[in-house]
Amino acid sequence: MQILKDRILAQGKNLGNGILKVDGFINHQVDPRLMDECGKELARRFQHVGATKVLTAEISGIAPAVTTALHLNLPVVYARKHKPITMPDQVFLTLSPSHTKGRMVELIVSPEYLSGGERVLIIDDFLASGATILGLVRLAQTAGAVIVGIGALIEKTFEGGRQALTHLGVPIEALARIRSMEGDQILFEE
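In the working numbering, the protein residues as written are 2 to 191.
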């Protein structure tokens, strides 16, 4: 998606070690028009999968998940990283490594909002190693839901996340696929 690639090149920062800083328009300050365009495109790509719910991780996945779900007319559930007192005692919980935090994080979903029979579309900001998305897959499968697709705004193809997810046998889409982040450059797949 050219509008997203252009924005990454103009405002994204390669911090080294595979870290791409896009917090000025995706995951700290959010450009709602850009997210709407991205959500519209992800919805177009996944309109055929028959999803009944969109699942993402707190916090960076929320904006693209909400706009995708808006265009698919679906509810969004996001996995929390801390259990609030309003959540029931029995929850779905998994651990996932966070590349940007440098530690394991909890992903928690209430069984009130994710249950058996759901057809889940996972949407996140990044597909890198696939660890966070695999955590979301575990949560959905524990709930008895079926994964029907995986979408991301940005894929870092050099981290192997797509390969870690192919065994799921579902469509995997990314709007901007980065093949290299050597030095201070950001190079996209054609």
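Just so you know, even glycine gets a beta-carbon here, dropped at the ideal spot from N, CA and C.
Val67 in three-state terms, based on DSSP: Numbered from its first residue, the sequence shown carries residue 67 at position 66. In the structure shown, Val67 sits in a helix (DSSP, three-state: H, G or I).
Can you tell me whether DSSP reads Asp32 as helix, strand or coil? The residue you call residue 32 lines up with position 31 of the sequence shown. Coil at Asp32, not helix or strand.
Are Glu190 and Thr158 close, meaning C-beta to C-beta below 8 Å? Numbered from 1 along the sequence shown, position 189 holds the residue referred to as residue 190. Numbered from 1 along the sequence shown, position 157 holds the residue referred to as residue 158. A contact, by the Cβ cut-off of 8 Å.
Note the first and the last residue of the continuous beta strand (DSSP E) segment covering Leu108. Stepping through the sequence shown from its first residue, residue 108 is reached at position 107. Looking at the DSSP string, the run of the beta strand (DSSP E) that includes Leu108 is Arg104 to Val110.
Of the residues Asn74, Val67 and Ser111, the one placed nearest Thr87, counting alpha carbons only: For this step, residue 87 is matched to residue 86 along the sequence shown. The residue with the shortest Cα to Cα distance from Thr87 is Ser111.
Out of curiosity, what's the CA-to-CA distance linking Leu188 and Arg81? Taking the sequence shown and counting its residues from 1, one reaches residue 188 at position 187. Taking the sequence shown and counting its residues from 1, one reaches residue 81 at position 80. Roughly 32 Å separates the two Cα atoms.
If we ignore side chains and look at the alpha-carbon of each, how far apart do Ile20 and Val31 end up? Here residue 20 corresponds to residue number 19 of the sequence shown, with the count starting at 1. Here residue 31 corresponds to residue number 30 of the sequence shown, with the count starting at 1. Those two C-alpha atoms are separated by around 18 Å.
Can you tell me whether DSSP reads Lys157 as helix, strand or coil? Locating residue 157 in the sequence shown gives position 156, where the first residue counts as 1. Looking at Lys157 - three-state DSSP - the assignment turns out to be strand.
For Leu75, which residues of its own chain have a beta-carbon under 7 Å away from its beta-carbon, when the five flanking residues on both sides are left out? As a position in the sequence shown, residue 75 is number 74, starting the count at 1. Beyond the five residues adjoining it in sequence on each side, Leu75 comes within less than 7 Å, by CB distance, of Ala52, Thr53, Lys54 and Val55 in the same chain, given in chain order.
On the three-state DSSP scale, how would you describe Lys84? Sequence index remark: in the sequence shown, residue 84 carries index 83 (1-based). It is coil, neither helix nor strand.
Taking C-beta to C-beta, are Leu122 and Val149 nearer than 8 Å? Taking the first residue of the sequence shown as position 1, residue 122 is located at position 121. Taking the first residue of the sequence shown as position 1, residue 149 is located at position 148. Cβ distance < 8 Å, so Leu122 and Val149 count as in contact.
Find out if the Cβ-Cβ distance for the pair Ile134, Ile155 is shorter than 8 Å. The residue given as residue 134 occupies position 133 in the sequence shown. The residue given as residue 155 occupies position 154 in the sequence shown. No, they are not a contact pair.
My understanding is that Ser181 touches Ala132, with C-beta atoms under 8 Å, so please give their C-beta distance in whole angstroms. Within the sequence shown, numbered from 1, the residue matching residue 181 stands at position 180. Within the sequence shown, numbered from 1, the residue matching residue 132 stands at position 131. Actually they are not in contact, since the Cβ atoms of Ser181 and Ala132 sit about 21 Å apart, beyond 8 Å.
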